[in-house]
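Undergrad: Got a structure here, written out as structure tokens. Questions coming.
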Amino acid sequence: MKKSMEDVAAARFEMISPLLDASLDPVLRIEKQKEVAWHCGKSYRTIGRWLKAYEANGFAGLKPKKTCPKTVSALPEHYTEVLESAITLRRDVRPAVYGTSSKSLNWKALQRKAL
Numbered sequence: 000m001k002k003s004m005e006d007v008a009a010a011r012f013e014m015i016s017p018l019l020d021a022s023l024d025p026v027l028r029i030e031k032q033k034e035v036a037w038h039c040g041k042s043y044r045t046i047g048r049w050l051k052a053y054e055a056n057g058f059a060g061l062k063p064k065k066t067c068p069k070t071v072s073a074l075p076e077h078y079t080e081v082l083e084s085a086i087t088l089r090r091d092v093r094p095a096v097y098g099t100s101s102k103s104l105n106w107k108a109l110q111r112k113a114l
């Protein structure tokens, strides 16, 4: 089941909430950040990024960034039709150009070299 962006942000906030105490000693905050990262199964760097995002943008900073769908293609919509036409054209033109299959063409080329 796919989580909503708000659910993801809420889970991230829950993870970093022990680190948001402004009166926390910087050295103790680093140790606490390492502990949070270990307990949550995230890296120290990830927890740090979430903290910075929260400090800069609040709860909205913890929401995952929108990405374009992975299924978006740079190919034109009619690409499959063009591809099929090209394959058909190649099949139709190839025997006319070569007269025979490519294997016999290679054989003929070898015979010419031998002479």
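In terms of numbering that gives the first Met the number 0, the sequence shown is residues 0 to 114. Here a beta-carbon is modelled for each residue, glycine too, at the ideal position from N, C-alpha and C.
Can you tell which of LYS64, PHE12 and VAL81 has the C-alpha that lies nearest to the C-alpha of ILE46?
TA: Within the sequence shown, residue 46 is the residue found at index 47, counting from 1. Taking only the C-alpha atoms, the option nearest ILE46 is PHE12.
Undergrad: According to the neighbour-count rule (16 or more other Cβ atoms, all chains shown, within 10 Å of its Cβ), is TYR53 buried or exposed?
TA: Along the sequence shown, read from residue 1 onward, the residue named residue 53 stands at position 54. Looking at its Cβ environment, which holds 16 or more other Cβ atoms inside 10 Å, TYR53 is buried.
Undergrad: Would you report the Cα separation of LEU88 and HIS77, rounded to the nearest angstrom?
TA: On the sequence shown, position 89 is the one that residue 88 refers to. On the sequence shown, position 78 is the one that residue 77 refers to. For LEU88 and HIS77, the distance between alpha carbons rounds to 17 Å.
Undergrad: Which residues bound the alpha helix (DSSP H) around PHE12?
TA: Looking up residue 12 in the sequence shown gives position 13. Counting along the chain, the alpha helix (DSSP H) containing PHE12 begins and ends at 4 to 15.
Undergrad: GLY40 by DSSP, collapsed to three states: which one?
TA: Here residue 40 corresponds to residue number 41 of the sequence shown, with the count starting at 1. Here GLY40 sits in coil by DSSP.
Undergrad: Compute the beta-carbon to beta-carbon distance between PRO75 and MET4, rounded to the nearest angstrom, for a pair I have assumed lies under 8 Å.
TA: Numbered from 1 along the sequence shown, position 76 holds the residue referred to as residue 75. Numbered from 1 along the sequence shown, position 5 holds the residue referred to as residue 4. Their Cβ separation, rounded to whole angstroms, is 32 Å, which puts PRO75 and MET4 out of contact at 8 Å.
Undergrad: Does the Cβ-Cβ distance between VAL7 and LEU18 come in under 9 Å?
TA: Translated into the one-based positions of the sequence shown, residue 7 becomes position 8. Translated into the one-based positions of the sequence shown, residue 18 becomes position 19. Going by C-beta atoms, VAL7 is not nearer than 9 Å to LEU18.
Undergrad: Does the Cβ-Cβ distance between TRP37 and ILE15 come in under 9 Å?
TA: One-based indexing of the sequence shown puts residue 37 at position 38. One-based indexing of the sequence shown puts residue 15 at position 16. Contact: no.
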